[in-house]
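J.: Using the working numbering, the letters of the sequence shown map in sequence onto residues 119 to 252.
In this text, a Cβ means the ideal position worked out from N, Cα and C, and glycines have one as well.
One structure, pasted below without further comment.
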Amino acid sequence: MSTLNPSREQLAEFAQNMPADQPILMLNLLRYQEQARYPEGSEHDACSGRKAYSRYSRTALAKVQGVGGRVEVLAQARVALIAPPDEHWDEVLLVRYPSREAFLSMLADSEYQAATVHRTAALADSRLIGCIAP
Numbered sequence: 119m120s121t122l123n124p125s126r127e128q129l130a131e132f133a134q135n136m137p138a139d140q141p142i143l144m145l146n147l148l149r150y151q152e153q154a155r156y157p158e159g160s161e162h163d164a165c166s167g168r169k170a171y172s173r174y175s176r177t178a179l180a181k182v183q184g185v186g187g188r189v190e191v192l193a194q195a196r197v198a199l200i201a202p203p204d205e206h207w208d209e210v211l212l213v214r215y216p217s218r219e220a221f222l223s224m225l226a227d228s229e230y231q232a233a234t235v236h237r238t239a240a241l242a243d244s245r246l247i248g249c250i251a252p
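This is how it looks when you write it as structure tokens:
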């Protein structure tokens, strides 16, 4: 089962269970579509999933930095040593935010929300895991 966007319940659990006022890390596991899947009638040109994610990233990176966050790691995933045999990821992304509140404020930003159409079109599957930063 692919998962691309958090549900209201998942966001509520995140807000409740991540500590307030301390740095967090968001671990992203990304698997791209061969061809981006924009909604029917979309104004966006056809492209690869990677290209669509690049479109999303232009806005997302500015918004991450705007709330005081930064990309810690962006790496190409190669081999999963411990994982189900059919599970694979294309990239691993680790982003540091100054707080849970900073992350949630970014998600609420209207420009960020508009850019997520590219992320959703780009990805075949993803994981987003909140971690407490050292």
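1. Can you tell me whether serine 160 is buried or exposed, with buried defined as 16 or more other CB within 10 angstroms of its CB?
2. Write down every uninterrupted run of the beta strand (DSSP E) in the region 160–199 whose length is 3 residues or greater and which is fully enclosed by it, in chain order.
3. How about alanine 193 and valine 210: do their beta carbons lie closer than 8 Å?
4. In the structure shown, what three-state DSSP assignment does leucine 122 receive?
5. With DSSP as the reference, identify every bridge partner of aspartate 243, one or two as the case may be.
6. Starting from the Cα of alanine 219, find the closest Cα among Arg126, Pro124, Asp139 and give me that residue.
7. What are the partner residues of methionine 144, as DSSP defines its beta bridges?
8. When the Cα atoms are used, what is the spatial distance from glutamine 151 to alanine 164?
T.: Walking through what the data contain:
1. exposed
2. 188–194
3. yes
4. coil
5. Arg149
6. Sequence check: residue 219 is glutamate here, not alanine. Answer by Cα proximity: Asp139.
7. Val213, Gly248
8. 12 Å
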